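Per the working numbering: the sequence shown = residues 63 to 324. C-beta: ideal position from N, C-alpha, C; glycine also. Owing to the predicted nature of the structure, the values given are computational and were not obtained by experimental measurement. Some notes on the structure that comes next.
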Amino acid sequence: MSVESASESVTEPVSADRFAREGLAVLHRLTESARADVSAAAALIADCVREDGVVQAFGTGHSQAMVLELAGRAGGFVPTNRIQMADLVLFGGDHPSGLDDPLLEREPGVAVRLYELADPRPQDLFVVISNSGVNNVIVEMALHAKERGHRLLAITSLAHTTSVPATHPSGRKLADLADVVLDNAAPRGDALLELPGGGAVCALSTLTGVMLVQMTIAEAAAQLLASGDRPPVYVSANVPGGFEGNLELEKRYAGRIRRTAS
Numbered sequence: 063m064s065v066e067s068a069s070e071s072v073t074e075p076v077s078a079d080r081f082a083r084e085g086l087a088v089l090h091r092l093t094e095s096a097r098a099d100v101s102a103a104a105a106l107i108a109d110c111v112r113e114d115g116v117v118q119a120f121g122t123g124h125s126q127a128m129v130l131e132l133a134g135r136a137g138g139f140v141p142t143n144r145i146q147m148a149d150l151v152l153f154g155g156d157h158p159s160g161l162d163d164p165l166l167e168r169e170p171g172v173a174v175r176l177y178e179l180a181d182p183r184p185q186d187l188f189v190v191i192s193n194s195g196v197n198n199v200i201v202e203m204a205l206h207a208k209e210r211g212h213r214l215l216a217i218t219s220l221a222h223t224t225s226v227p228a229t230h231p232s233g234r235k236l237a238d239l240a241d242v243v244l245d246n247a248a249p250r251g252d253a254l255l256e257l258p259g260g261g262a263v264c265a266l267s268t269l270t271g272v273m274l275v276q277m278t279i280a281e282a283a284a285q286l287l288a289s290g291d292r293p294p295v296y297v298s299a300n301v302p303g304g305f306e307g308n309l310e311l312e313k314r315y316a317g318r319i320r321r322t323a324s
């Protein structure tokens with residue numbers, strides 16, 4: 063083998079610069095490829111807000127980072143609610159030790175209980191977030207929401223979900239059930255940079271998921287403004303008057319949105 067061909071076969075070493083370059087390249091491609099889907103997702107959110115609905119956001123594991131991007135943060139919409147596994151304890155009366163079970167999200171019936179504790183209205187939109195899109199509680203929540211007539215927005219990795227088998231008894235995956243799917247463009251397994259000898263490092267789905275969420279919020283705000291509706295948006299609680307102003311906005315959705323310590 064020549065020196066030239068040998069050097070071409072060597073994989074570029076893992077580094078901060080490499081992750082930044084490749085991660086930014088994925089983000090750039092995503093902002094172009096996802097435009098139509100973002101517009102459709104934004105229409106679901108804008109319609110929900112116009113209809114006095116609440117955006118019910120749910121995810122487990124690291125997908126909760128995107129849930130927090132949607133529900134209750136400065137610059138985001140007020141009518142948003144975070145559904146989390148801890149609701150079983152905080153609002154359902156379960157013993158806290160139940161949350162120690164690493165297999166809790168695989169137990170049947172958990173999503174139905176979480177749904178009932180959230181007590182959503184028919185016009186509420188469900189946003190379910192999962193990189194794999196196959197975990198039992200994720201698919202169960204999506205199925206239950208659709209069976210109750212809710213519109214469903216999914217954020218998932220199509221590369222991952224199409225490469226693994228369905229594990230829910232229905233044989234369905236999150237992407238199969240959604241009205242709109244936002245593909246976060248993360249690779250199978252989520253990690254971006256391959257390591258010598260196998261394996262990979264540096265998960266991507268949080269970066270791309272946050273981009274998709276904020277693009278969708280921006281587009282939903284634009285659609286609301288275009289129809290003459292003012293987006294109900296949070297101001298940072300850490301600016302003068304922000305906390306008090308947010309409380310006033312929340313009154314319209316009293317009993318429908320939860321703002322627990324995170």
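C-beta contact flag for residue i and residue j at 8 Å
i, j, result
"Val201", "His157", "no"
"Ala216", "Leu244", "yes"
"Leu187", "Ile279", "no"
"Val189", "Ala102", "no"
"His212", "Val174", "no"
"Ile191", "Val140", "no"
"Gly138", "Val297", "no"
"Ile319", "Glu312", "yes"
"Ala104", "Glu256", "no"
"Leu161", "Ala148", "yes"
Beta-carbon proximity list for residue i, same chain, < 8 Å, skipping 5 on both sides
i, result
"Gly251", "His222, Ala262"
"Val196", "Thr223, Val226, Pro227, Ala228, Thr229, His230, Lys235, Leu236"
"Gly134", "Thr142, Arg144, Tyr296, Ile319, Arg321"
Residue i, DSSP secondary structure in three states
i, result
"Ser71", "With a pLDDT of 42 at Ser71, under the threshold of 50, the predicted position of this residue should be treated as unreliable, and no value is reported."
"Val76", "coil"
"Leu257", "coil"
"Lys235", "coil"
"Ala316", "coil"
"Thr223", "helix"
"His90", "helix"
"Arg42", "Limits of the chain in this structure are 63 at one end and 324 at the other, which puts residue 42 out of reach."
Beta bridge counterpart(s) of residue i as assigned by DSSP
i, result
"Thr218", "Asp245"
Own chain, CB closer than 6 Å to residue i, minus 5 neighbours either side, in chain order
i, result
"Pro182", "Gln118"
"Ala265", "Asp252, Ala253"
"Val172", "Val199"
"Ala127", "Thr268"
"Leu92", "Ala247, Thr270"
"Pro249", "Ala221"
The ligand MG heavy atom lying under 7 Å from the CB of residue i
i, result
"Lys208", "Absence of the ligand MG is noted for the structure shown, with no ligands found whatsoever."
Cβ shell of residue i (< 7 Å), same chain only, five flanking positions each side left out
i, result
"Gly304", "Val297, Ser298"
Start-end ranges of the beta strand (DSSP E) lying completely within the stretch 262-310, minimum 3 residues: 262-265
Which runs of the beta strand (DSSP E) fall wholly inside the stretch 181-213 and span at least 3 residues, in chain order? 187-191
What are the start and end residues of each continuous alpha helix (DSSP H) run of 4 or more residues lying completely inside the stretch 94-179, in chain order? 97-112, 126-132, 149-152
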